[in-house]
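Quick note, the sequences are listed as chains A and B, same order.
All residue numbers for the first sequence refer to full-length UniProt numbering, where the first residue is 1 and numbers rise by one.
All residue numbers for the second sequence refer to full-length UniProt numbering, where the first residue is 1 and numbers rise by one.
Glycine included, each C-beta is placed from N, C-alpha and C at the ideal position.
Please read the structure below before turning to the comments.
2 protein chains.
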Amino acid sequence: MGELALTPDPDASTEEYRAEIAEAVRALARSRRPHQGFDPAYGGEGDVGGVVAAFQMLGHGDLSLLVKAGVQWGLFGGALQALGTARHHDRYLRDMMDGTLLGCFAMTETGHGSDVQHLRTTATYDADTHEFVIHTREPGARKDYIGGAARDARMAAVFAQLVTGGPNEVSQTHGVHCFLVPIRSEAGDALPGVTITDCGVKAGLNGVDNGRLVFDSVRVPREALLNRYADVSPEGVYSSDITNETRRFFTMLGTLVRGRISVAGGAASATQKALTLAVRYGETRRQFSDPATGEEVVVLDYLVHQRKLLPALATTYALQFAQNDLVSQMHDLQKPGAEPDEERQRDLETRAAGIKAIGTWHATRTIQTCREACGGAGYLAENLLPALKADTDVFTTFEGDNTVLLQLVAKTLLSDYGRRVAKLDLAGKVRFGADLVAGTVLERTGARSVLRRGDLRDPAHLRRLLVDREEHLIASGALRMRKALAPGADQFAVFNGAQDHLLAAARAHVDRIVFDAFAAVADRHPLLGRVLALHGLSVIEGDRAWFVEHGYLTAARTKAVTTAVNALCGELRPHARELVDAFGIPQNWLDCPLLDGERTRPTEADEQHADTLTAVG
Amino acid sequence: MGELALTPDPDASTEEYRAEIAEAVRALARSRRPHQGFDPAYGGEGDVGGVVAAFQMLGHGDLSLLVKAGVQWGLFGGALQALGTARHHDRYLRDMMDGTLLGCFAMTETGHGSDVQHLRTTATYDADTHEFVIHTREPGARKDYIGGAARDARMAAVFAQLVTGGPNEVSQTHGVHCFLVPIRSEAGDALPGVTITDCGVKAGLNGVDNGRLVFDSVRVPREALLNRYADVSPEGVYSSDITNETRRFFTMLGTLVRGRISVAGGAASATQKALTLAVRYGETRRQFSDPATGEEVVVLDYLVHQRKLLPALATTYALQFAQNDLVSQMHDLQKPGAEPDEERQRDLETRAAGIKAIGTWHATRTIQTCREACGGAGYLAENLLPALKADTDVFTTFEGDNTVLLQLVAKTLLSDYGRRVAKLDLAGKVRFGADLVAGTVLERTGARSVLRRGDLRDPAHLRRLLVDREEHLIASGALRMRKALAPGADQFAVFNGAQDHLLAAARAHVDRIVFDAFAAVADRHPLLGRVLALHGLSVIEGDRAWFVEHGYLTAARTKAVTTAVNALCGELRPHARELVDAFGIPQNWLDCPLLDGERTRPTEADEQHADTLTAVG
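In structure tokens form, the structure reads like this:
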């Protein structure tokens, strides 16, 4: 992918940048790499996991290209493949893969970003003409932030409330479905009834042409409905194997989980690149002298600098292993011929939501820290960090707002928990009740911590703590939510009062999953054990108040956690370069003046001059 | 300042943007507002505090203008005024104030950003010609990131090692001093011996022309030395009233404290603007329905959304009051005719360093949170948050890297503490020793917390906790640092091992100062008491592990802190709009599509349609 190592001119106009990215998308299509993920029957390779992994590699380069490719082959192509049927595949799949049909994914509306089940665009079936009428019925129903809409896309996968029943019968809404709607002529003009506007300049990702779509009774044939999960007969009769509307909608959404996983992968790549730059700079940059030697100290030798970068590096390792698991789990479920498995699909969606949220927040925080760790140099566009920061910022928002995603995770955790409890026999329920009471007592006396002694670096010990926290937060969260079921309870008030608790439970769950993914491979290299320990300990340190508050650690023990984090920072410091090199980012994707110090360490002549200067001072 | 409410085209080229900002700087000069801060003898008004407060107002507008103005009148003008003498003032002060002489402030070098005492540029006195020779002796001595250097500045205030003694005698270095060096002709060309390059596009602040300066034996007259604190006679004899080189250097630096205070002010303004946007958006944006009513919930009614914005809002209030104190303290010390007061000056510098660090980190974090709280809309340039975020990012770095500044604060705290202890008589020292031992015991038993019961919202109680933490961290930090004095100790290792401890002490100190500044005015409005409590409690909550670990709070008590933060979020929610309106940002500086929802709340017609849609669904 060397040809895709774009270094866009940071002073290019938006139009120039968009044009460059559009050209890169065409180059990517020519490479036939995107074909890899699609149905072999249409010239693809069915390697769903491989394409997501390749997509992640793009994240080491220009992120506008990553997102633009993600829109074309992940979102638009993904909807076409997963929600469409042969009639759509036959007609569009090859053109979509080849990039001769550029598409966009028109889900989000101005008024509904997170709550997409309640989108307001309508697709009303007209049985007389056998057409759907796509219509923007209010300002808030405008499709917004749609990547590809402002400049390049010819067709949109439009999500809209499907309405049947004409003027003479009662109309019926069947929930949100996806429709293929041409929006632009080959010449690039908006088609009749479609109003396209440009979202303009953004904080980042300016190579992507985000736009807005308003539909004024735009007619598309009945076949425009992507009808894998539901269909409308020519006469206007709606049918679906999934009778529950909500379940149907979330089944459709679930097939699109690849987008979320891809964003997590892109965030991981960007974080790895930022850390590579900051660690390598930190190994050459010197500031202030050691009083004993008079020599200026390399900044990565300072504890506080290590603290900024090394725990984040350890967590980046952990997230990459979790991402690998996620991708292979997805591959198993989506590869050609795979048997549908509802439970594993549900688990995949929960993991994807959680890892996307935790991973993109980690990216935003870590890239910011890396920028600061590189000082003024980190602020210059030529040193790559500004684009990494600006481009990844919206990752916490798109493909699902992180807070909303964690709520989704929490909801699943609580309902799984509820099912587990419901399955208990009477004796089990009594024991379960007793456990909770005993739990409260333990919490008050701090006696639990007696059980939580052990080597702080031992993965089993760290895991135990993470599991304790996860289980405790889920069980106590479930208890709080039970109140919402009491007669006369204000459900919203109960939920809202516990919202921070539920998010904490979701985080604890994701932390444990991520830790497990890392622990499973930590014996592959002698260094990894310590990286795992640093990751686990820094997660625990970050929430150590919780462990003390709930009696899982004593205050003395949490102090030892901090001491252990510091010690591990010191131990891993000599290996920092090796650890970032292992991310395997090609050097030409990293070249920038920030790393010039690696070539121009002070020469002997400089040193002599410096000595003279100090001597005469 | 209505005319300065710039809304630069986000798609303008760098050159267009720079030109627009340069024009705005001229407009600002014509307004004669910058004159306000300078010596009345030269047409100023001597209102040092007023000008810094006015500068902060600029922070509600375009931040490139803020920084460009800060370079001209704060840094360049400030150096000229504070380090120069009549010979410089007579010749340049009026032109500088009028903006007919545009200057830059050339301190930072590629190799030395934080450790400016060890800059490598030299200014060697040539007694034969009565000139200083300004020279860049190595690549790392290049002046870097200099605002104004790339395009507009005609003159630079250059910081360089002053060297006397010619080829026939031993040369002597007297430390860093400041020199006025012309760098560009009136036509805009670099002068002979001066090589100017452009730092190019940055993550933000692209209306500011940052550049690099390399001097090849550039000669300036002897009088170019800003000689308020030191001079060189025509014969080449160096003299200064301050004999200690380090003390002399930091005395000179200290006079420039205004820059740091101004950055803190700019960060405060930007934070206030971001919060105003996010709170107002959060009051109109609706997402997901209340199951009881079916109505979509305003996002600011969600606990987690309140948690994101309201504690940050409370801390923004606290920081503004601390900033007000800082500005008035500076005004008292720097106003015309003020008596020099070394102790108060030192205190001012420590406060300025601390509040700049804490305030700019708060800005970076809060503006990021506000962007995320506005979802996709927050990512669009038209909604102002992207510029706020990108432009303020470097505030954590320039005018002193925040980590280095906090270290400076810690150093002062420890040496003050050392002096206090040294003054104790023998009995006092014994008691002091006993205290520390007793402290350790208390820490182990957690008995201290008995003393720390009380109303969690009571300012006196909150203050006591903040003072406890500050004093504990300073005393125990001092104890650790004492080890560095032991014979044979590795000073660097001792310091480095305690670096995180020292930074925590500095933070604790700044937190207490900021709290005090707020507490002193909290009775001015009935709401402020609760805002103060939310600020104090959220600071304590953020570090609650520390309070438990050191026996100042029980685990049960820290849980109560979290509960109290949640409760206060709920109580202040109805007042959120009032609280951001009180920042007084003119509406035309806030106008953007993000706030359109305030005008276009769903109409009755929309609501009816929505009901219909729900009813038929």
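query, result
"Does DSSP put serine 171 of chain B in a helix, in a strand, or in coil?", "coil"
"By DSSP's criteria, glutamine 320 of chain A is part of a beta bridge. Which residues make up the other side?", "Per DSSP, none; premise fails for glutamine 320 of chain A."
"Does the stretch 255-274 of chain B come close enough to the stretch 326-333 of chain B to have 3 or more Cβ pairs within less than 8 Å?", "yes"
"What is the residue span of the beta strand (DSSP E) that phenylalanine 288 of chain A lies within?", "286-289"
"Quick one: grab the DSSP three-state call for histidine 60 of chain B.", "coil"
"State yes or no: is the beta carbon of valine 263 of chain A nearer than 8 Å to at least one beta carbon in chain B?", "no"
"Quick one: measure Cβ to Cβ for alanine 160 of chain B and threonine 122 of chain B, integer angstroms, because I've assumed they're closer than 8 Å.", "6 Å"
"In chain order, what residues of the same chain have a beta carbon less than 8 Å from the beta carbon of threonine 251 of chain B, not counting five sequence neighbours either side?", "Tyr229 and Ile242"
"Give me the Cα-Cα distance between glutamine 587 of chain B and leucine 277 of chain B, rounded to the nearest whole angstrom.", "11 Å"
"Could you tell me the distance, in whole angstroms, from the CA atom of glycine 400 of chain B to the CA atom of glycine 113 of chain B?", "8 Å"
"Taking Cβ-Cβ distances below 7 Å as the criterion, which residues of the stretch 193-206 of chain B are in contact with chain A?", "Cys199, Gly200, Val201, Lys202 and Ala203"
"Just tell me which of B:Arg530, B:Leu385 and B:Val297 has its CA closest to the CA of residue 618 of chain A.", "It is not possible to answer for residue 618 of chain A, since the shown part of chain A is limited to 1 through 617."
"Please list the segments of the beta strand (DSSP E) lying wholly inside the stretch 462-541 of chain B, counting only runs of 3 or more residues, in order along the chain.", "none"
"Would you say arginine 544 of chain A reaches chain B, if we count a Cβ-Cβ gap shorter than 8 Å as a contact?", "yes"
"With respect to the beta strand (DSSP E) encompassing glutamine 161 of chain A, which residues constitute its N-terminal and C-terminal limits?", "155-164"
"Indicate whether isoleucine 358 of chain A and arginine 507 of chain A have their beta-carbon atoms separated by less than 8 Å.", "yes"
"Name the residue from B:Ala560, B:Gln407 and B:Ala314 whose alpha carbon lies nearest to the alpha carbon of glycine 529 of chain B.", "B:Ala314"
"Under 8 Å, Cβ to Cβ, is there at least one residue of chain A near alanine 576 of chain B?", "no"
"Can you tell me which of the three DSSP states glutamate 131 of chain B falls into?", "strand"
"List the residues that DSSP assigns as beta-bridge partners of isoleucine 21 of chain B.", "Paired residues: none, contrary to the question."
"So alanine 560 of chain B packs on phenylalanine 321 of chain B, CB below 8 Å; how close in whole Å?", "With 8 Å as the limit, alanine 560 of chain B and phenylalanine 321 of chain B do not qualify as a contact, their Cβ atoms being about 26 Å apart."
"Whose Cβ in chain A lies nearer than 7 Å to the Cβ of aspartate 115 of chain B?", "Gln287 and Phe288"
"How is aspartate 198 of chain A classed by DSSP in three states: helix, strand or coil?", "strand"
"Can you list, in chain order, the residues of its chain whose CB lies under 6 Å from that of aspartate 95 of chain B, leaving out five sequence neighbours each side?", "Leu101"
"Nearest CA to the CA of valine 580 of chain A: which residue from A:Glu283, A:Arg184 and A:Val133?", "A:Glu283"
"Could you pull the start and end residues of the alpha helix (DSSP H) that residue 635 of chain B belongs to?", "Only positions 1 to 617 of chain B appear in the structure, and residue 635 of chain B is not among them; the question remains open."
"Just verifying my parser: in three-state terms, what is the DSSP assignment at phenylalanine 249 of chain B?", "helix"
"I think glycine 418 of chain B touches alanine 478 of chain B, with their Cβ atoms under 8 Å apart; what is that distance to the nearest whole Å?", "6 Å"
"Any beta carbon from chain A within less than 8 Å of glutamate 235 of chain B's own beta carbon?", "no"
"For chain B, is any of its Cβ atoms less than 8 Å away from the one on glutamate 382 of chain A?", "yes"
"Please classify glutamate 138 of chain B: is it buried, with 16 or more other beta-carbons within 10 angstroms of its beta-carbon, or exposed?", "buried"
"Lysine 483 of chain B CB to nearest chain A CB: under 8 Å?", "no"
"Cβ closer than 8 Å: which chain B residues qualify as neighbours of valine 394 of chain A?", "Gly376 and Tyr379"
"Can you check whether the CB of alanine 127 of chain B is closer than 8 Å to the CB of leucine 180 of chain B?", "no"
"Taking all protein chains shown into account, do 16 or more other C-beta atoms lie within 10 angstroms of the C-beta of alanine 522 of chain B, making it buried, or fewer, making it exposed?", "buried"
"Can you name the residues of chain B whose CB is closer than 9 Å to the CB of arginine 307 of chain A?", "Gln499 and Asp500"
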